[in-house]
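So the structure is just underneath, and the comments pick up after that.
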Amino acid sequence: MVYDNENTIATSNANVVNLTTEHISQMVALTKLTNPGPFAQRTIEFGHYCGVFDGDKLVAMAGQRLHAGNFTEVSAVCTHPDYLGRGYARAILIHQVNRMLASGNTPYLHVREDNARAINVYEAIGFKIRRKVIFYVLQNEPY
Numbered sequence: 001m002v003y004d005n006e007n008t009i010a011t012s013n014a015n016v017v018n019l020t021t022e023h024i025s026q027m028v029a030l031t032k033l034t035n036p037g038p039f040a041q042r043t044i045e046f047g048h049y050c051g052v053f054d055g056d057k058l059v060a061m062a063g064q065r066l067h068a069g070n071f072t073e074v075s076a077v078c079t080h081p082d083y084l085g086r087g088y089a090r091a092i093l094i095h096q097v098n099r100m101l102a103s104g105n106t107p108y109l110h111v112r113e114d115n116a117r118a119i120n121v122y123e124a125i126g127f128k129i130r131r132k133v134i135f136y137v138l139q140n141e142p143y
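In terms of full-length UniProt numbering, the sequence shown opens at residue 1 and continues consecutively.
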């Protein structure tokens, strides 16, 4: 899906904060719980991850991963299941979209076609389906 608008979006009331290396253990735990796609200890090095906390607990996050020309991928969008429906995914997506637009880049993302809840959020913000693609995740077998 590609963001189909040149304008920034009004921010929400959620307190979105930048994530740092001190948050890696919580980021990895959240992605293991929600499975937004491949995420490892060093994924934060791709840059600009942000999240929402409930006290000291990371409950939602998203970041940036691939940069292709003037397109930047929104990556690892995920919300803890106990916190769904509170607008956190929307808040962190708006934060990422505005950051990318300010850098002169067009945001895009990948989503499973069976994830209707996420697709509805993305479309409401201004993302449009560009095309369907097939992804494979390869990993080495342990010795």
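Cβ atoms here follow ideal geometry from the backbone N, Cα and C, with glycine treated the same way.
Roughly how many whole angstroms lie between the Cα atoms of residue i and residue j?
{"i": "P38", "j": "A76", "result": "8 Å"}
{"i": "V97", "j": "R90", "result": "10 Å"}
{"i": "I24", "j": "G55", "result": "17 Å"}
{"i": "F127", "j": "F46", "result": "22 Å"}
{"i": "V3", "j": "T72", "result": "Correcting the residue identity first, residue 3 is Tyr in this sequence and not Val. Taking the straight line from one Cα to the other gives about 10 Å."}
{"i": "T21", "j": "I44", "result": "7 Å"}
{"i": "Y122", "j": "G69", "result": "22 Å"}
{"i": "V28", "j": "Q41", "result": "7 Å"}
{"i": "A118", "j": "I94", "result": "14 Å"}
{"i": "V133", "j": "A10", "result": "30 Å"}
{"i": "residue 177", "j": "C50", "result": "Since the first residue shown for the chain is 1 and the last is 143, residue 177 is missing from the structure and cannot be characterised."}
{"i": "E113", "j": "N15", "result": "29 Å"}
{"i": "R131", "j": "L138", "result": "22 Å"}
{"i": "E141", "j": "H110", "result": "26 Å"}
Any heavy atom of the ligand SAM within a distance shorter than 8 Å of the CB on residue i?
{"i": "F39", "result": "No copy of the ligand SAM occurs in the structure displayed, which carries no ligand at all."}
DSSP state of residue i, grouped into three classes?
{"i": "F46", "result": "helix"}
{"i": "N18", "result": "strand"}
{"i": "Y108", "result": "strand"}
{"i": "R65", "result": "strand"}
{"i": "V97", "result": "helix"}
{"i": "A60", "result": "strand"}
{"i": "D4", "result": "coil"}
For the alpha helix (DSSP H) containing residue i, list its first residue and its last residue.
{"i": "R25", "result": "According to the sequence displayed, residue 25 carries Ser and not Arg. Here the alpha helix (DSSP H) through S25 covers I24 to T34."}
{"i": "A122", "result": "The displayed chain sequence assigns Tyr, not Ala, to residue 122. Here the alpha helix (DSSP H) through Y122 covers A116 to I125."}
Can the beta-carbon of residue i be found less than 9 Å from the beta-carbon of residue j?
{"i": "G87", "j": "L19", "result": "no"}
{"i": "P81", "j": "T31", "result": "no"}
{"i": "M61", "j": "V74", "result": "no"}
{"i": "E6", "j": "L84", "result": "no"}
Let's see if you can read the secondary structure: which residues bound the beta strand (DSSP E) around residue i?
{"i": "V74", "result": "F71 to T79"}
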